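Data first, discussion second: the structure below is written as C-alpha cells.
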Amino acid sequence: EAQVTQNPRYLITVTGKKLTVTCSQNMNHEYMSWYRQDPGLGLRQIYYSMNVEVTDKGDVPEGYKVSRKEKRNFPLILESPSPNQTSLYFCASSFEGLGSYGYTFGSGTRLTVV
Amino acid sequence: SQQGEEDPQALSIQEGENATMNCSYKTSINNLQWYRQNSGRGLVHLILIRSNEREKHSGRLRVTLDTSKKSSSLLITASRAADTASYFCATGLSGSARQLTFGSGTQLTVLP
C-alpha cells in the first residue's frame, strides 16, 4: 500500500530533550515536506526537500532541522524542544515539488513539550 | 503565510443535502487542490484543478475555479455522515517550489 509512515503517533517530552520524528514513504516520491498544524493557524510548512540532499526552509523553520540522505526518509529533528513546539506534525510527499500533483500525508505526530 | 481562505469556517447540514465550500486566494496559481481531514488525522487529497480548467468532477465532488475572481468552490452532493470532516483548499503558486500553501479549512458536519 502506498503510504507515508510517521513515527511516533504521540510523543510527550520535556523541554530541551532532543527528539526525532521519522517519516518514510514507499512511493519513490522526490518531494517531501513537514508541516505543523495549530488551531487557528492552519498548516504551516516547516521544511521541504525537492530531492536527496536538497532541503530548504518553509515558513516556520526555527527550532527544527531536517535531513534527506535517502529518497524515502525525511526525519524531523528538534534539537532543543520548547513548549511552543507543542503541535500536530505532518509529513507529506509528492511525485515532484512544483505542486502539479497531490500530496500524500502521514497520519500525524502529536507532540507535547512540557 | 496562508494563501487560501475558506468560507464558511463551519457548515452543518442534514444527510442527503449538498454542501458547498468556497476558497479565495491572493496570487497567481498553477493549480488548486482540495483535501479532507478527519479529526486529528492526516489530510487526504480529494481533487486537483489546474489554472486552465474551470470545472472538475470526481464522484460526488465538483470543483470549480474562477481565476479572474481568484476563487474556487467545492460541492459535495448527497452528503453522508461519513463526509463529516474539515476541508482545506491548497494552492500551488506559479513558479514556486515551496508547495503547497493551505487555507484554514471549513469544518463540515453532516447530521444523520
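Protein sequence lines, in the order shown, are assigned to chains A and B. The first sequence runs 1 to 114 under the working numbering. The second sequence runs 1001 to 1112 under the working numbering. The beta-carbon is built from N, C-alpha and C at its ideal position, and this holds for glycine as well. Only a predicted model underlies this, so the values are computations on that prediction, with no experimental measurement involved.
Residue i versus residue j: straight-line alpha-carbon distance, rounded
i, j, result
"A/Met16", "B/Lys1069", "What sits at residue 16 of chain A in the sequence shown is Gly, not Met. A/Gly16 and B/Lys1069: Cα-Cα distance of roughly 47 Å."
"A/Asp38", "A/Ile77", "19 Å"
"A/Lys69", "A/Val52", "6 Å"
"B/Gly1040", "B/Asn1022", "22 Å"
"A/Ser94", "B/Trp1034", "15 Å"
"A/Pro81", "A/Lys65", "11 Å"
"A/Tyr103", "A/Ala92", "6 Å"
"A/Arg9", "A/Phe90", "10 Å"
"A/Leu19", "A/Glu79", "7 Å"
"A/Tyr116", "B/Ser1073", "Residue 116 of chain A is absent from the model: chain A starts at 1 and stops at 114."
"B/Ser1001", "A/Arg72", "Since pLDDT at B/Ser1001 reaches only 48, below the 50 mark, its modelled position is unreliable, and the value read off the structure follows with that caveat. Cα-Cα distance, rounded: 27 Å."
"B/Ile1013", "B/Ser1104", "20 Å"
"A/Gly108", "A/Thr22", "11 Å"
"B/Pro1112", "A/Val54", "48 Å"
"B/Thr1020", "A/Val14", "43 Å"
"B/Phe1102", "B/Tyr1025", "10 Å"
"A/Leu88", "A/Pro75", "15 Å"
"B/Cys1089", "B/Gly1016", "23 Å"
"A/Pro83", "A/Leu111", "10 Å"
Three-state secondary structure (DSSP) of residue i
i, result
"B/Gln1107", "strand"
"A/Asp59", "coil"
"B/Ala1010", "strand"
"A/Gln25", "strand"
"B/Ala1082", "helix"
"A/Asn84", "helix"
"B/Ser1001", "With a pLDDT of only 48 at B/Ser1001, under the threshold of 50, the placement of this residue in the model should not be trusted, and no figure is reported."
"B/Asn1052", "coil"
"A/Gln3", "coil"
"A/Val14", "coil"
"A/Leu199", "Nothing can be reported for residue 199 of chain A: it is not among the residues displayed for chain A, which extend from 1 to 114."
"A/Leu41", "coil"
"A/Leu19", "strand"
"A/Thr104", "strand"
"B/Ser1039", "coil"
"A/Lys65", "strand"
"B/Thr1020", "strand"
"B/Tyr1087", "strand"
"A/Phe90", "strand"
Residue i: CB within 8 Å of a non-hydrogen atom of the ligand COA
i, result
"A/Val52", "Here there are no bound small molecules, and the ligand COA is not part of this structure."
Buried or exposed (CB count within 10 angstroms, at least 16 for buried), residue i
i, result
"B/His1057", "exposed"
"A/Val4", "buried"
"B/Ser1028", "exposed"
"A/Glu62", "exposed"
"B/Ala1010", "exposed"
"B/Leu1048", "buried"
"B/Leu1065", "buried"
"B/Ala1085", "buried"
"B/Ala1082", "exposed"
"B/Val1063", "buried"
"B/Thr1106", "buried"
"A/Val113", "buried"
Cβ separation of residue i and residue j, assumed to be a contact under 8 Å, to the nearest whole Å
i, j, result
"A/Ser100", "B/Gly1092", "7 Å"
"B/Asn1018", "B/Thr1077", "5 Å"
"B/Leu1046", "B/Arg1060", "Going by Cβ atoms, the distance from B/Leu1046 to B/Arg1060 rounds to 10 Å, so no, they are not a contact pair."
"A/Gly106", "A/Glu30", "That pair is no contact at about 17 Å."
Using a Cβ-Cβ cut-off of less than 7 Å, give me the residues of the stretch 1015-1037 of chain B that come near chain A, in sequence order. Asn1030, Asn1031 and Gln1033
Please name the residues in the stretch 1036-1064 of chain B whose beta-carbon is closer than 9 Å to at least one beta-carbon of chain A, in chain order. Gln1037, Gly1040, Arg1041, Gly1042, Leu1043, Val1044, His1045, Leu1046, Ile1047, Leu1048 and Arg1050
Short of 7 Å Cβ to Cβ, which residues in the stretch 38-55 of chain A face chain B? Gly42, Leu43, Gln45, Tyr48 and Met50
For the stretch 1101-1112 of chain B, enumerate the residues whose C-beta is nearer than 9 Å to any C-beta of chain A, in chain order. Thr1101, Phe1102, Gly1103, Ser1104 and Gly1105
What are the residues of the stretch 93-109 of chain A that lie near chain B, defined by any Cβ-Cβ distance shorter than 8 Å? Ser94, Gly97, Leu98, Gly99, Ser100, Tyr101, Gly102, Tyr103, Thr104, Phe105, Gly106, Ser107 and Gly108
At a Cβ cut of 8 Å, what residues of the stretch 72-91 of chain A count as close to chain B, listed as they run along the chain? Leu88 and Phe90
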